[in-house]
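In my numbering, the protein residues as written are 3 to 374.
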């Protein structure tokens, strides 16, 4: 299936979902697509456009007007032809109108959206806050404080605080930190999204992460802390650990101290300090010692040790925000060792890469190419 076919299929499934007509099989198909970051971004934009009743009413009105118009156009046709066209209308009109209405309803939001390179906080209201220069803002249930010098976002709760969900989004090439009111600290790596409620209820503390983050969880025996990842859930009482769900084929959880219980499907393990669990989409769990380079990103380093060249097609977009194409597929498994420093310009790193991997680098537009 081409990328264009995938996008078309995703919009069909999202349309059925929002109209409440999606089948269980299609629901599973959509969930599989949502394992990919591009699909999650489209899902977020689509649902944001239709999150209010007013938006849905507008779409319903469009559908009604279009239906009346089409019925009038075929009123002079035979009864069987009218029935055939009505069936066609039912099967296609929703997709066409909802997709078109999304672009209509969302065009103002897209025009005023923060730049793609900015760290943003999407409030429960749907408003996106650019954290580049904003230092203080409120959301009705919390007062946020953004330290732009140290890239730390924190907040205090209002008396009427609710469990409405906010989403912190860190783009390619950036890192950011969040301090929760309970004292938990979360460092987010590039290309990472964190969903969290402003207020944790008395039963527990739950967040969702797509990407990579290091967590230092404040102890609270009465309220376990739960992290939701792709096909994996982690329950902790108080500990520090790293989660990495960049790769849709596996989730990595590295425990530095404390203890966590990791569950995937019907399987569950208690992870010990110094251990890393690797969880597959089929819920298989493998445990190994944490690789020495795994947590180096917290120190502003990305260490590549005997790394295949094709890994750069994933690493560079996340670290530098630059796509990479390897011109000759025979180079994909060529291995090299090097270290990238945080905030190091890519052109500063390229000479070391070319020497270590014995390749030549050149740009074509904004894309970096590697060749022999």
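Note that the Cβ used here is the ideal one computed from N, Cα and C, for glycine as well.
Residue environment, residue i, which counts as buried when at least 16 other CB atoms sit within 10 Å
i	result
residue 158	exposed
residue 278	buried
residue 304	buried
residue 364	exposed
residue 177	buried
residue 289	exposed
residue 285	exposed
residue 143	buried
residue 367	exposed
residue 206	exposed
residue 214	buried
residue 147	exposed
residue 189	buried
residue 377	Residue 377 is absent from the structure shown; the chain starts at 3 and stops at 374.
residue 362	exposed
residue 373	exposed
residue 268	exposed
Cβ distance (whole Å) where residue i is taken to contact residue j below 8 Å
i	j	result
residue 238	residue 208	Contact doesn't hold; Cβ gap of about 11 Å is too wide.
residue 324	residue 348	6 Å
residue 125	residue 155	That belief does not hold up - the Cβ atoms of residue 125 and residue 155 are roughly 12 Å apart, past 8 Å.
residue 169	residue 197	5 Å
residue 24	residue 12	That pair is no contact at about 12 Å.
residue 253	residue 272	The pair is not a contact, with the Cβ atoms about 17 Å apart (cut-off 8 Å).
residue 167	residue 234	Between residue 234 and residue 167 the Cβ distance is about 19 Å, and since that is not below 8 Å, they are no contact.
residue 225	residue 247	24 Å between Cβ atoms; not a contact.
residue 186	residue 223	The pair is not a contact, with the Cβ atoms about 14 Å apart (cut-off 8 Å).
residue 318	residue 352	Contact flag wrong, Cβ pair sits at about 10 Å.
Among the options, the one whose alpha carbon lies nearest that of residue i
i	options	result
residue 310	334, 232, 300	334
residue 299	343, 367, 250	343
residue 127	291, 133, 140	140
residue 119	13, 193, 257	193
residue 337	315, 319, 306	306
residue 274	255, 16, 267, 152	255
residue 174	191, 352, 45	191
residue 322	350, 308, 331	350
residue 151	362, 135, 45, 221	135
residue 359	199, 138, 312	312
residue 250	27, 39, 10	39
residue 47	8, 164, 129	129
residue 236	270, 17, 369, 224	270
residue 292	267, 145, 318, 245	245
residue 261	241, 280, 248	241
residue 182	297, 371, 282, 217	217
residue 153	42, 137, 353, 164	137
residue 165	201, 319, 280	201
residue 276	219, 257, 28	257
residue 8	219, 31, 26, 199	31
residue 266	352, 259, 225, 287	287
residue 41	320, 212, 145	212
residue 17	44, 341, 370	44
residue 301	318, 331, 341	341
residue 36	263, 283, 296	283
Simplified DSSP state of residue i, which is helix, strand or coil
i	result
residue 149	strand
residue 243	strand
residue 168	strand
residue 26	helix
residue 258	strand
residue 18	helix
residue 177	coil
residue 273	strand
residue 250	coil
residue 201	coil
residue 373	strand
residue 237	strand
residue 10	helix
residue 265	strand
residue 34	helix
residue 192	coil
residue 363	strand
residue 41	helix
residue 84	Residue placement at residue 84 cannot be trusted, given a pLDDT of 49 that sits under 50; the coordinates are not used to answer.
Chain D within 8 Å of residue i, Cβ atoms only
i	result
residue 45	Looking for chain D here will not work: only one protein chain is present.
Continuous beta strand (DSSP E) assignments of at least 3 residues falling wholly in the stretch 280-359
287-291, 303-310, 326-328, 337-343
Which ranges does the beta strand (DSSP E) cover as unbroken runs of at least 3 residues, wholly within the stretch 120-148, from first to last along the chain?
122-124, 130-132, 138-140
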